[in-house]
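**Student:**
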Amino acid sequence: MDTIESYRHIIQSLLTDYAAIPIANGSIDCYTVFDLKQDHYQVMNVGWDGHRRVYGCVLHLDIKQGKIWIEQNMTEMRVAQELVDLGVAKEDIVLGFQAPEMRQYTDYAVV
13 MDTIESYRHI IQSLLTDYAA IPIANGSIDC YTVFDLKQDH YQVMNVGWDG HRRVYGCVLH
73 LDIKQGKIWI EQNMTEMRVA QELVDLGVAK EDIVLGFQAP EMRQYTDYAV V
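Numbers given in the numbering used here equal positions in the sequence shown, counted from 1, plus 12.
Here you go:
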């Protein structure tokens, strides 16, 4: 299995496992959205918490130019560390939610 295919499987497994965790409040569905052709991977929350509408992307990862970009992480999960624990090299992970000029101060890739 080549590196990109391996990354696809790692991301899908990680996000599927996260989406399977029940949400304690309200009536909220948590599900994955995978665009396998464009390499976009998301976890969405949709539903109601009492009278409050819940809708949004809580996790968003992309594969761009051979690297995993963490575009959004609204969870308590340390996604970058989880990816490293699953065998992804730190130099293949970009913290896309960080300002480009700040990425040099992380242990991860700049681009």
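The beta-carbon is built from N, C-alpha and C at its ideal position, and this holds for glycine as well.
1. Please name the residue, chosen from Arg115, Arg65, Gln84, Glu113, that lies closest to His52 on a Cα-to-Cα basis.
2. Does the distance from the CB of Glu94 to the CB of Leu26 come in under 8 Å?
3. Which of helix, strand or coil does DSSP assign to Val55?
4. Is His21 helix, strand or coil by DSSP?
5. So what does DSSP say about Asp14, is it helix, strand or coil?
6. Grab me the residues of Gln116's own chain with a C-beta within less than 8 Å of its C-beta, minus the 5 sequence neighbours each way, in chain order.
7. Flag this pair as touching only if the region 32-48 and the region 101-120 have three or more C-beta atom pairs under 8 Å; answer yes or no.
8. Give the DSSP bridge partners of Phe46, in chain order.
9. In whole angstroms, give me the CA-to-CA distance for Glu113 and Ile82.
**Tutor:** Concretely, from the data shown:
1. Answer by Cα proximity: Gln84.
2. In this structure, Leu26 lies closer than 8 Å to Glu94 by Cβ.
3. If DSSP states are grouped into helix, strand and coil, Val55 belongs with the strands.
4. Of the three classes helix, strand and coil, the one that applies to His21 here is helix, per DSSP.
5. DSSP places Asp14 in coil when its eight states are reduced to three.
6. Once the five neighbours on either side are set aside, the close Cβ partners of Gln116 are Val122.
7. Fewer than three Cβ pairs drawn from the region 32-48 and the region 101-120 lie within less than 8 Å of each other, which leaves the two stretches out of contact.
8. Under the DSSP definition of a beta bridge, Phe46 partners with Tyr53.
9. Distance from the CA atom of Glu113 to the CA atom of Ile82, rounded to whole angstroms, is 16 Å.
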